[in-house]
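Following: one structure in structure tokens, then a few remarks.
2 protein chains.
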Amino acid sequence: MRSFYSEVQAQHNPVEPHVFQGRALPPAETAARARRILEGLAAAGFEPPEPPAPIDEATLELVHTPRYLRFLRDAHERWRVATGAAADAEARPYVRPLPGAARREPTSVLAQLGWYSFDDDPILAGTWEAAAASVACAVAAADAVEAGARAAYALCRPPGHHAGAECFGGYCYLNNAAIAAARLAARSHRVAVLDLDAHHGNGTQAIFWERGDVVTISIHGDPDVHYPFFGGYADERGSGAGDGAHHNFPLPTGTDGDTYLGALDDALATIAAAEPDAVVVSLGVDTDAADGVFSLGLDDFRRIGAAIARLGRPLVVVQEGGYGPEVLERDVAAVLTEIASA
Amino acid sequence: MRSFYSEVQAQHNPVEPHVFQGRALPPAETAARARRILEGLAAAGFEPPEPPAPIDEATLELVHTPRYLRFLRDAHERWRVATGAAADAEARPYVRPLPGAARREPTSVLAQLGWYSFDDDPILAGTWEAAAASVACAVAAADAVEAGARAAYALCRPPGHHAGAECFGGYCYLNNAAIAAARLAARSHRVAVLDLDAHHGNGTQAIFWERGDVVTISIHGDPDVHYPFFGGYADERGSGAGDGAHHNFPLPTGTDGDTYLGALDDALATIAAAEPDAVVVSLGVDTDAADGVFSLGLDDFRRIGAAIARLGRPLVVVQEGGYGPEVLERDVAAVLTEIASA
Numbered sequence: 009m010r011s012f013y014s015e016v017q018a019q020h021n022p023v024e025p026h027v028f029q030g031r032a033l034p035p036a037e038t039a040a041r042a043r044r045i046l047e048g049l050a051a052a053g054f055e056p057p058e059p060p061a062p063i064d065e066a067t068l069e070l071v072h073t074p075r076y077l078r079f080l081r082d083a084h085e086r087w088r089v090a091t092g093a094a095a096d097a098e099a100r101p102y103v104r105p106l107p108g109a110a111r112r113e114p115t116s117v118l119a120q121l122g123w124y125s126f127d128d129d130p131i132l133a134g135t136w137e138a139a140a141a142s143v144a145c146a147v148a149a150a151d152a153v154e155a156g157a158r159a160a161y162a163l164c165r166p167p168g169h170h171a172g173a174e175c176f177g178g179y180c181y182l183n184n185a186a187i188a189a190a191r192l193a194a195r196s197h198r199v200a201v202l203d204l205d206a207h208h209g210n211g212t213q214a215i216f217w218e219r220g221d222v223v224t225i226s227i228h229g230d231p232d233v234h235y236p237f238f239g240g241y242a243d244e245r246g247s248g249a250g251d252g253a254h255h256n257f258p259l260p261t262g263t264d265g266d267t268y269l270g271a272l273d274d275a276l277a278t279i280a281a282a283e284p285d286a287v288v289v290s291l292g293v294d295t296d297a298a299d300g301v302f303s304l305g306l307d308d309f310r311r312i313g314a315a316i317a318r319l320g321r322p323l324v325v326v327q328e329g330g331y332g333p334e335v336l337e338r339d340v341a342a343v344l345t346e347i348a349s350a
Numbered sequence: 009m010r011s012f013y014s015e016v017q018a019q020h021n022p023v024e025p026h027v028f029q030g031r032a033l034p035p036a037e038t039a040a041r042a043r044r045i046l047e048g049l050a051a052a053g054f055e056p057p058e059p060p061a062p063i064d065e066a067t068l069e070l071v072h073t074p075r076y077l078r079f080l081r082d083a084h085e086r087w088r089v090a091t092g093a094a095a096d097a098e099a100r101p102y103v104r105p106l107p108g109a110a111r112r113e114p115t116s117v118l119a120q121l122g123w124y125s126f127d128d129d130p131i132l133a134g135t136w137e138a139a140a141a142s143v144a145c146a147v148a149a150a151d152a153v154e155a156g157a158r159a160a161y162a163l164c165r166p167p168g169h170h171a172g173a174e175c176f177g178g179y180c181y182l183n184n185a186a187i188a189a190a191r192l193a194a195r196s197h198r199v200a201v202l203d204l205d206a207h208h209g210n211g212t213q214a215i216f217w218e219r220g221d222v223v224t225i226s227i228h229g230d231p232d233v234h235y236p237f238f239g240g241y242a243d244e245r246g247s248g249a250g251d252g253a254h255h256n257f258p259l260p261t262g263t264d265g266d267t268y269l270g271a272l273d274d275a276l277a278t279i280a281a282a283e284p285d286a287v288v289v290s291l292g293v294d295t296d297a298a299d300g301v302f303s304l305g306l307d308d309f310r311r312i313g314a315a316i317a318r319l320g321r322p323l324v325v326v327q328e329g330g331y332g333p334e335v336l337e338r339d340v341a342a343v344l345t346e347i348a349s350a
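Protein chains in written order, with the numbering used here: chain A, 9 to 350; chain B, 9 to 350.
Pasting the structure below:
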């Protein structure tokens, strides 16, 4: 199975604490995650990943607005000028428009950081280059599948599924999976996105909310309790041309493997009914018990990989979350081993 | 001149760093501010302030929604239960709805902190009691004026003018000035709010945006450069019944006393034309050069006090911002001395 990764992605590597689930914590989405996944895949016998071909702006604009891309590319340098901060400082959003009040796009980068985001994630000097390289992996995997591969893997980090058309948050800056899906859709393929990250794929859902040509399915922790909270309820189904094309499977905290696999079977039946030409899998493995949302273990990830493979559809597997010590690399390798050997 | 303050207000006293103008800084809006103002007023010969009478929920509901008040009262305790944090920990918002996406009011307190706020200010165990006591001061001052006083002063902190009908931010939790104004308006008085804080009174403006019975005027730093950024432009004039009742005077960074007093004259002419029965003054003294927005000095604050007094209207003076070492207490005393001696 071809896989893709670029060392440029390591240029996004936050070190300052941030707030998650109400507490200040060390950053979880760091360059070390990619190194661990690379080691896990090597240990499982996979070939080293290929560096992806560069992508152009038009590819990013399949999903993101030009003004957001311009902001994201220049934000750190503009913030340094505005604040006098050091090159390695992290530009962090804080202020947003007053809810419900008259508003307009602000001109100050200090305010644009809040305008174009939905949590307190920072932009670093290397964020733009790293995020664009991460997208390049997803695009390379999509192109490999379009060229005939049964499956391909993109070692995307920073991840992407929380990024909207013009906002970052949840460790995500550019929506890797959505861009891969939109690229295939633009070439007249029917596409489904299956989001297995423990957290609702709010960015992906929002991007395709009014589109019917990309079906989205997300299985995730109950939004009454889990990040990103504001969406992912079962009654969210899309609108306009997208009405009925979007599907959410919220599950309770601590859900075990059997229950999870049951929900996955329902999700896969939904995908099968849509008869997609390709399935983009947003592969978060933060469903592992180590990450505190569900209680899946190694064997469950093998079952997930096997179930996805049984779909019999070409698979573009895009890395999303997964953080637990030792289990991130183990669980990713388990899923990919099942897909590769199917 | 009667003045009002309660020691309960000191129960809101944040200590953790927070982000302002893009950098992590020690908290500026602390209980020490009130102590400094008390000392400054005593040194200037003012009588000690009176403790205000308690207020009831209906008074708060003149401006804030019941669900927001319920949230604000219970948030810290609910957050402690949800996170296991210590009693003296600061509950800080982080995640918000994805801009433009489908959204609903979240049930988790972790998400409600973001839903009901617009920056990264924390809620502490004592925030509710302190903010309610701060409102009580503004209400007591309004009632003193209604009973015939020419002027009264409320030593409000936490301040209020950034708080909206259902959101906190900018050090503000309950909108002291707006509640005082709404209380007078509810008793059939015509009211104007003159906001002299260096930062746009976005909460006050939003609260009265569609009302014509309370005129609002704000003089503040250019929203292209200064907090809270997203509003306060000269073309914002209100809507519906409030169309034309709201006035903004944004001024460039570093504006000096003469230019500022010129804008204040225009603002006072606007107020005179509205013929209000009372004027609520949101008295921020962060226009002092020490606070980095404008370049006013002590004599300018004397001129401000004299100009307001010349209006010849009953004045409810409500404390907002002002932080600079030694100048906060000096500038407040200067304004009030002019008003008291007019």
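All C-beta atoms in this analysis are idealised placements derived from N, C-alpha and C, irrespective of residue type, glycine included.
Item, Value
"Euclidean distance between Cα positions of arginine 81 of chain A and alanine 148 of chain A", "22 angstroms"
"Neighbour flag for threonine 115 of chain B against chain A, beta carbons, 8 angstroms", "yes"
"Paired residues, beta bridge with leucine 33 of chain B - DSSP", "B:His26"
"Any chain A beta carbon closer than 8 angstroms to alanine 90 of chain B", "yes"
"Inter-residue spacing [alpha-carbon to alpha-carbon] between leucine 319 of chain B and alanine 185 of chain B", "19 angstroms"
"Ranges of the alpha helix (DSSP H) found wholly within the region 254-297 of chain A, counting only runs of at least 4", "265-282"
"Residue from B:Leu70, B:Ala18 and B:Gly53 whose Cα sits closest to the Cα of phenylalanine 216 of chain B", "B:Leu70"
"Listed by chain order, chain A residues near valine 172 of chain B by CB distance under 9 angstroms", "The residue asked about is misnamed: residue 172 of chain B is glycine in this sequence, not valine. Near glycine 172 of chain B (Cβ distances below 9 angstroms), the residues of chain A are Leu106, Pro107, Gly108 and Ala109."
"Interface partners of arginine 100 of chain B on chain A, CB under 7 angstroms", "Val27"
"Chain B within 8 angstroms of cysteine 175 of chain A, Cβ atoms only", "yes"
"Nearest candidate by alpha-carbon position, reference aspartate 266 of chain B, set B:Val287, B:Ile312, B:Glu58 and B:Glu334", "B:Ile312"
"Min CB distance tryptophan 87 of chain B to chain A below 8 angstroms", "yes"
"Interface flag, glycine 156 of chain A vs chain B, CB-CB below 8 angstroms", "no"
"Assigned exposure category for glycine 92 of chain B - 16 Cβ within 10 Å defines buried", "exposed"
"Cα-Cα separation, glutamate 85 of chain A to alanine 99 of chain B", "31 angstroms"
"Whole beta strand (DSSP E) elements within the region 175-239 of chain A, 3-residue minimum", "199-203 and 222-229"
"Arginine 338 of chain A: first and last residue of the uninterrupted alpha helix (DSSP H) it sits in", "335-349"
"Per-residue DSSP class, three states only, for leucine 304 of chain B", "strand"
"Spatial distance of valine 143 of chain A from threonine 278 of chain A (CA atoms)", "27 angstroms"
"Of the listed residues B:Arg195, B:Val324 and B:Thr345, nearest to alanine 49 of chain B (C-alpha basis)", "The amino acid at residue 49 of chain B is misidentified as alanine; the sequence shows leucine. That would be B:Thr345, whose Cα lies nearest to the Cα of leucine 49 of chain B."
"DSSP state of alanine 109 of chain A mapped onto helix, strand, coil", "coil"
"Three CB pairs or more closer than 8 angstroms across the region 204-216 of chain A and the region 234-250 of chain A", "yes"
"DSSP-derived helix/strand/coil call for leucine 118 of chain B", "helix"
"Beta-carbon proximity check, threonine 224 of chain B vs glycine 211 of chain B, cutoff 8 angstroms", "no"
"When B:Leu182, B:Ala160, B:Pro166 and B:Arg111 are compared against proline 35 of chain B, the one with the closest alpha-carbon", "B:Pro166"
"Interface flag, phenylalanine 302 of chain A vs chain B, CB-CB below 8 angstroms", "no"
"Inter-residue spacing [alpha-carbon to alpha-carbon] between serine 226 of chain B and aspartate 203 of chain B", "5 angstroms"
"Contacts that alanine 211 of chain B makes with chain A (C-beta to C-beta distance below 9 angstroms)", "In the sequence under discussion, the amino acid at residue 211 of chain B is glycine, which differs from the alanine named in the question. Residues of chain A passing the Cβ test: Leu106 and Ala109."
"Proximity below 8 angstroms, CB of leucine 269 of chain A to CB of alanine 315 of chain A", "yes"
"Min CB distance arginine 75 of chain B to chain A below 8 angstroms", "no"
"Any C-beta of chain B under 8 angstroms from that of proline 236 of chain A", "yes"
"Outcome for glutamate 174 of chain A when other beta-carbon atoms lying within 10 angstroms are tallied against a minimum of 16", "buried"
"Which listed residue (B:Phe28, B:Asp296, B:Met9 and B:Ala39) has its alpha carbon closest to that of glutamine 56 of chain B", "Just to set this straight, residue 56 of chain B is proline in the shown sequence, not glutamine. Taking only the C-alpha atoms, the option nearest proline 56 of chain B is B:Met9."
"Where the alpha helix (DSSP H) containing valine 147 of chain B begins and where it ends", "135-154"
"In DSSP terms, what tyrosine 161 of chain B is bridged to", "B:Ser11 and B:Val325"
"Proximal chain B residues relative to aspartate 205 of chain A, where beta-carbon distance stays under 9 angstroms", "Residues of chain B passing the Cβ test: none, with the nearest at roughly 15 angstroms."
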